[in-house]
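Notes for the one structure printed next.
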Amino acid sequence: GPVGDDGYKDEALEKMADHSPNGPFSGGKYSVLEGGTRTPFITYWPGKIKPGVSDEIVCTIDMAASFAALTGTKLP
7 GPVGDDGYKD EALEKMADHS PNGPFSGGKY SVLEGGTRTP FITYWPGKIK PGVSDEIVCT
67 IDMAASFAAL TGTKLP
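For any residue, its number in this note's numbering is found by taking its place in the sequence shown, counting from 1, and adding 6.
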């Protein structure tokens, strides 16, 4: 959705029509409520990641240690 009224009309609300990107959750983009913070996170690594669905909260920063270990890099 639109960030604010800075004079630029991006038509985000008009283009969205009846689509509800936050699904059943309250809040939206740039909101601290669930509808603004939940995003899909899909992984696929046969033999390493067990298939399934989880409701756990994940943040991209959580992946830093995993990617560092995979690439043999030290975290700053």
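We put the beta carbon where it would ideally sit given N, CA and C, even for glycine.
It should be emphasised that the depicted structure is a prediction, and the values quoted were computed from it without experimental measurement.
What number of angstroms, rounded off, separates the C-alpha of residue i from the C-alpha of residue j?
i      : j      : result
Glu-62 : Pro-52 : 20 Å
Ser-72 : Phe-47 : 15 Å
Leu-81 : His-25 : 40 Å
Gly-29 : Thr-66 : 21 Å
Gly-78 : Ala-70 : 12 Å
Gly-33 : Lys-56 : 31 Å
Lys-35 : Gly-42 : 5 Å
Pro-27 : Ser-37 : 13 Å
Asp-68 : Phe-31 : 23 Å
Ser-83 : Lys-54 : Residue 83 lies beyond the range of the chain shown here (7 to 82); nothing can be said about it.
Ala-75 : Leu-39 : 32 Å
The alpha helix (DSSP H) spanning residue i covers which residue range?
i      : result
Thr-77 : 69-77
Gly-41 : 40-43
Taking only three categories from DSSP, how would you classify residue i?
i      : result
Gly-53 : coil
Glu-62 : coil
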